[in-house]
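Student: The structure that follows is given in the form of structure tokens.
2 protein chains.
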Amino acid sequence: MLNIAGLLKEKKLTVTPQRVEIVNLLSTNRHINVDELYALLHTNFPSISLATVYKNINTMLESEILSEVQIFNAKNVYELAKEEHSHIVCTSCNEILELPIDLQVIYKEAESKSAYSLKSASLVFSGKCPRCSSSKV
Amino acid sequence: MLNIAGLLKEKKLTVTPQRVEIVNLLSTNRHINVDELYALLHTNFPSISLATVYKNINTMLESEILSEVQIFNAKNVYELAKEEHSHIVCTSCNEILELPIDLQVIYKEAESKSAYSLKSASLVFSGKCPRCSSSKV
DNA sequence: CTGACTGCAAACGTTTTGCACGGTA
DNA sequence: TACCGTGCAAAACGTTTGCAGTCAG
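Protein chains in written order, with our numbering: chain S, 346 to 482; chain L, 346 to 482.
And the structure:
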């Protein structure tokens, strides 16, 4: 069970019911975009504003409570922050899968080939999920 | 030397001076965004419209003459399409480097772990280029 | 009590669209 | 000539901002 208030305090953020609910929703719905989040929030906060959702997402991105995943040809989705990992997006149904892939070797290769000092990497695969692969196109 | 008209015809696109110039500019300026492209086009096409730039980029993306690179916290940039490759973006000066990295092993790992059938991958590193690393912050 | 957050409305930047005209094939 | 592309203006879209009122600490 996630201690959401504690998480927010740890990052020196004010604990508001809206923020708690955003984190709560993202803990059970990884990879949803702003509109989906907004729609879900309406259940408990009928008068919540989209601006509040954006402001809180941005605040929590800066505090690294959340992270953002950029999806090709779709709106960014959000997830609770955790160690670096890759994503696979189904081009048919847009389902997103997380994948713990060790990029150590690739990092090394990239650093030696580029002479850059690297901080982070974003690896997103596109493909078809098993369900969409098996169904006729 | 690039046969631009031939490239366009091959993809069954009408050859217009604007399209030729867009491809021409991208052949010497990889990784520029819409605004930069628009500004460069103004030299030879003082009355070109931004809508035309967008329409042509979209058309040529669909025909796979161009490809789009999504840059975190910055506008998308464009390049002439070629084999899959990775990118490194400098977080200080935004310079973009292309890197031919073999993702075969990673693809295999991702496929077996996910059961997805994968089509493509986007790998973008963030870091500091040698110039920005050496200069005082 | 003070500062931070919320909700509303308006503003903003980017991209797309509709349309009349002009160019390509 | 028939169709497609261009340029303009307006619309659409996603996100941010300013502000007055409210809530958290």
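Think of the CB as a built atom: it goes at the ideal place given N, C-alpha and C, for glycine as much as any other residue.
Comparing alpha-carbon positions, which option in S:L425, S:I416 and S:K420 lies nearest H432 of chain S?
Tutor: S:I416
Student: Below 9 Å between beta carbons: does that hold for V379 of chain S and L358 of chain S?
Tutor: no
Student: Compute every distance between the C-beta of E428 of chain L and the non-hydrogen atoms of the ligand NAD, then say whether any falls below 8 Å.
Tutor: What this structure holds is no ligand at all, so the ligand NAD is not there to describe.
Student: Among L:L411, L:K453, L:Y452 and L:K356, whose alpha-carbon lies nearest the alpha-carbon of I377 of chain L?
Tutor: L:L411
Student: Expressed to the nearest angstrom, what Euclidean distance is found between the alpha-carbon atoms of N374 of chain S and A460 of chain S?
Tutor: 39 Å
Student: State the DSSP-derived secondary structure class of H432 of chain S, mapped to helix, strand or coil.
Tutor: Looking at H432 of chain S - three-state DSSP - the assignment turns out to be strand.
Student: Residues in its own chain within less than 6 Å of M405 of chain S by CB, not counting five upstream and five downstream?
Tutor: L411
Student: Report the residue from L:I451, L:C435, L:A466 and L:S480 whose alpha carbon sits nearest the alpha carbon of K464 of chain S.
Tutor: L:C435
Student: For A426 of chain L, which residues of its own chain have a beta-carbon under 7 Å away from its beta-carbon, when the five flanking residues on both sides are left out?
Tutor: Within the same chain, A426 of chain L has close Cβ partners E409, I410, L411 and S412.
Student: How would you label C438 of chain L, buried or exposed, when you count the other beta carbons within 10 angstroms and need 16 or more for buried?
Tutor: exposed
Student: Within the 9 Å Cβ cut-off, does Y461 of chain L reach chain S?
Tutor: yes
Student: Hey, how far is the Cα of E443 of chain L from the Cα of H430 of chain L?
Tutor: Straight-line Cα distance between these residues: approximately 7 Å.
Student: Measure the C-alpha to C-alpha separation of V422 of chain S and E355 of chain S and round it to an integer number of angstroms.
Tutor: 24 Å
Student: Are the beta-carbon atoms of I446 of chain L and E440 of chain S separated by less than 9 Å?
Tutor: Not a contact, by the Cβ cut-off of 9 Å.
Student: Between A396 of chain L and chain S, is there a C-beta pair that is closer than 9 Å?
Tutor: no
Student: Give a yes or no on whether the C-beta atoms belonging to S480 of chain S and S467 of chain L are separated by under 9 Å.
Tutor: It is not a contact, given that the beta carbons lie outside the stated cut-off.
Student: Expressed to the nearest angstrom, what Euclidean distance is found between the alpha-carbon atoms of E366 of chain L and C477 of chain L?
Tutor: Using only the alpha carbons, I get a separation of about 32 Å.
Student: Would DSSP call V368 of chain L helix, strand or coil?
Tutor: helix
Student: Hey, out of S:L371, S:E381, S:K400 and S:S462, whose CA is closest to P475 of chain L's CA?
Tutor: S:S462
Student: Measure the C-alpha to C-alpha separation of L385 of chain L and L386 of chain S and round it to an integer number of angstroms.
Tutor: C-alpha separation (whole angstroms): 45 Å.
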